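Take a look at the structure set out below.
2 protein chains.
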Amino acid sequence: MAPLGRIPEATVARLPLYLRGLDAFPVGVTATVSSDELADLAGVNAAKVRKDLSHLGTYGTRGVGYDSAFLRFQISQALGVANVWPVVVCGMGNLGRALANHIGFTDCGFPVVAATDSDLDKIGTVVDGVPVHAPGELGDIVHRLNVAIGVISTPPEAAQGTADALVAAGVTSIMSFAPTVLSAPDEVEIRSVDLVTELQILGFHLHRVRIAEDS
Amino acid sequence: MAPLGRIPEATVARLPLYLRGLDAFPVGVTATVSSDELADLAGVNAAKVRKDLSHLGTYGTRGVGYDSAFLRFQISQALGVANVWPVVVCGMGNLGRALANHIGFTDCGFPVVAATDSDLDKIGTVVDGVPVHAPGELGDIVHRLNVAIGVISTPPEAAQGTADALVAAGVTSIMSFAPTVLSAPDEVEIRSVDLVTELQILGFHLHRVRIAEDS
DNA sequence: GACACCTTGTGCATCAGTTCACAAGAGTCT
DNA sequence: AGACTCTTGTGAACTGATGCACAAGGTGTC
Numbered sequence: 001m002a003p004l005g006r007i008p009e010a011t012v013a014r015l016p017l018y019l020r021g022l023d024a025f026p027v028g029v030t031a032t033v034s035s036d037e038l039a040d041l042a043g044v045n046a047a048k049v050r051k052d053l054s055h056l057g058t059y060g061t062r063g064v065g066y067d068s069a070f071l072r073f074q075i076s077q078a079l080g081v082a083n084v085w086p087v088v089v090c091g092m093g094n095l096g097r098a099l100a101n102h103i104g105f106t107d108c109g110f111p112v113v114a115a116t117d118s119d120l121d122k123i124g125t126v127v128d129g130v131p132v133h134a135p136g137e138l139g140d141i142v143h144r145l146n147v148a149i150g151v152i153s154t155p156p157e158a159a160q161g162t163a164d165a166l167v168a169a170g171v172t173s174i175m176s177f178a179p180t181v182l183s184a185p186d187e188v189e190i191r192s193v194d195l196v197t198e199l200q201i202l203g204f205h206l207h208r209v210r211i212a213e214d215s
Numbered sequence: 216m217a218p219l220g221r222i223p224e225a226t227v228a229r230l231p232l233y234l235r236g237l238d239a240f241p242v243g244v245t246a247t248v249s250s251d252e253l254a255d256l257a258g259v260n261a262a263k264v265r266k267d268l269s270h271l272g273t274y275g276t277r278g279v280g281y282d283s284a285f286l287r288f289q290i291s292q293a294l295g296v297a298n299v300w301p302v303v304v305c306g307m308g309n310l311g312r313a314l315a316n317h318i319g320f321t322d323c324g325f326p327v328v329a330a331t332d333s334d335l336d337k338i339g340t341v342v343d344g345v346p347v348h349a350p351g352e353l354g355d356i357v358h359r360l361n362v363a364i365g366v367i368s369t370p371p372e373a374a375q376g377t378a379d380a381l382v383a384a385g386v387t388s389i390m391s392f393a394p395t396v397l398s399a400p401d402e403v404e405i406r407s408v409d410l411v412t413e414l415q416i417l418g419f420h421l422h423r424v425r426i427a428e429d430s
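Here the protein sequences line up with chains B and E, keeping their order.
Using my numbering, the first residue of the first sequence is number 1, and each one after it goes up by one.
Using my numbering, the first residue of the second sequence is number 216, and each one after it goes up by one.
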């Protein structure tokens, strides 16, 4: 019943999962969800669901559960999913193209409105509806199109420079796919999606069981 | 100095970063790294570096630092990076193609040896050196090519089925890009890379500062 | 050899997040 | 109304991770 205090980071990371889980419930219909059901849908346990939702000041009704529509509203509110945050994709290699093309982002309020690439052959072209500009135009693009989020899918060497350019342009939210540690001012939120690291973590566990088997 | 006890998960997730940081040091040359330098390279703080490395039973020398070559060896050993873990990519949409194409994976010991897709036009073709098979052949592929890791880049509806097929084929490590919660036996390690969720977390913070500014 | 200077390894306090367990409320049935 | 069942909300214990601070143990210099 906390009236919107600070929401723990771990909870924030799970709210999207709950929201997605609620899609299993038809929209216009009054239905109730128990923390147990929601836990199943989100792949976590029920106690966590309840504690997470309590941070939103949510009121379910005891003995019954949560009203699915109202819960959806509350989580949406907390996450601010009603907002539209335009995205610029920096680096139109294979991955960048795949991301720019990913229609799912637009549906969720993250339209890819522009891209940059240093390849002269790509600059000036339009890939899947996304215009490709020179890296130097980043600042201009960000201002003109109200870009809120920058995606870095450049080669690792160019990643820090791109991050700097994004920050200089006023972008405070970055999702990076580059296998590099990026530095930026504290107020800039960086989420690093490091696929090689992920694979190496999987590799570590495979390695572990292999050792266990051999001994 | 713990002689290879259990390594905390948080440490495992950072070891690849240290390893990457060590690339700044030339291979054949004897050089020393201090925890401070390594901390900078990996974007964490020095105390964490030292505690992490202590879990490997590492011995740096006090007053000097760590021998870069030996440290690299030790981390490599712990992570098992010498192993090669063949990967199958399930779902050759935009993202799947980008992943299959990503030469960086092969360099790190994760060669993409095969792919699957349900599109009849793609089955039987070879994309960037990766042969595309029908989903039904997954079991066969896994056995024939000794696949260790499955990447799920299918549409969300097909994700759980694909995961089940991978598990049935004996794959115990899965990296999923599908925006869905996957269920699998406990012994299967699943790492979910959920891009929409990542964006929504960024969106949450943007939303927060916007609220703060408006008030 | 003594002293000054580094940097590691680690005990300890702290913090964030998870899980348990249960009282408190809401509905239902008799 | 009372008893029973259900599910929330939360205090409290617990787990894991983080960061501090300092002793222990090296190197180098005089």
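Glycine residues also receive a C-beta, built at the ideal position from the N, C-alpha and C atoms.
Model, not experiment: these values are computed from the prediction.
Taking the Cβ atoms as the reference, Val132/B lies roughly 14 Å from Val147/B, outside the contact range of under 8 Å. Here the alpha carbon of Gly80/B sits roughly 12 Å from the alpha carbon of Leu19/B. Ser291/E is positioned such that its CB atom lies no closer than 8 Å to that of Phe240/E.
Residue Gly136/B holds the alpha-carbon nearest to the alpha-carbon of Ala169/B among Val27/B, Cys108/B, Gly136/B. The CB of Ala148/B comes closer than 9 Å to the CB of Leu417, Gly418, Leu421 in chain E, given here in chain order. Bridge partners of Tyr274/E according to DSSP: none are assigned. Annotated three-state conformation of Pro131/B is strand, per DSSP.
For Phe320/E, the closest of Val302/E, Asn260/E, Thr331/E, Lys337/E by C-alpha to C-alpha distance is Val302/E. Its chain contains Gly324, Pro326 as the residues whose beta carbon lies nearer than 7 Å to that of Val299/E, once the 5 sequence neighbours on both sides are disregarded; these appear in chain order. Taking a C-beta distance under 8 Å as the contact criterion, Ser269/E and Ala261/E do not qualify as a contact pair.
With respect to chain E, the C-beta atom of Ala42/B has a partner C-beta closer than 8 Å. Short of 7 Å from the beta carbon of Leu256/E, and not among the five residues preceding or following it, lie these beta carbons of its own chain, in chain order: Gly236, Ala239. For the pair of segments examined, the segment 328 to 335 of chain E was found to touch the segment 353 to 362 of chain E: the number of CB pairs separated by less than 8 Å reaches three.
Chain B has a Cβ within less than 8 Å of the Cβ of Glu404/E.
An exposed status is given to Thr61/B, since fewer than 16 other beta-carbon atoms sit within 10 Å of its beta-carbon.
Residue environment analysis places Thr180/B among the buried positions, since at least 16 neighbouring C-beta atoms fall within 10 angstroms of its C-beta.
Counting only residues of its own chain and dropping the five nearest sequence neighbours on each side, Pro185/B has a CB closer than 8 Å to the CB of Val167.
Residue environment: Ile152/B is assigned as buried (16 or more neighbouring CB atoms within 10 Å of its CB, all protein chains considered). In this structure Ala178/B is in contact with Thr154/B, their Cβ atoms being roughly 6 Å apart against a cut-off of 8 Å. At a beta-carbon threshold of 9 Å, none of the residues of chain E lie near Cys90/B; the nearest stands roughly 15 Å away. When only Cα atoms are considered, Val196/B and Val29/B end up about 44 Å apart. The Cβ-Cβ distance between Ile405/E and Ile389/E falls below 8 Å.
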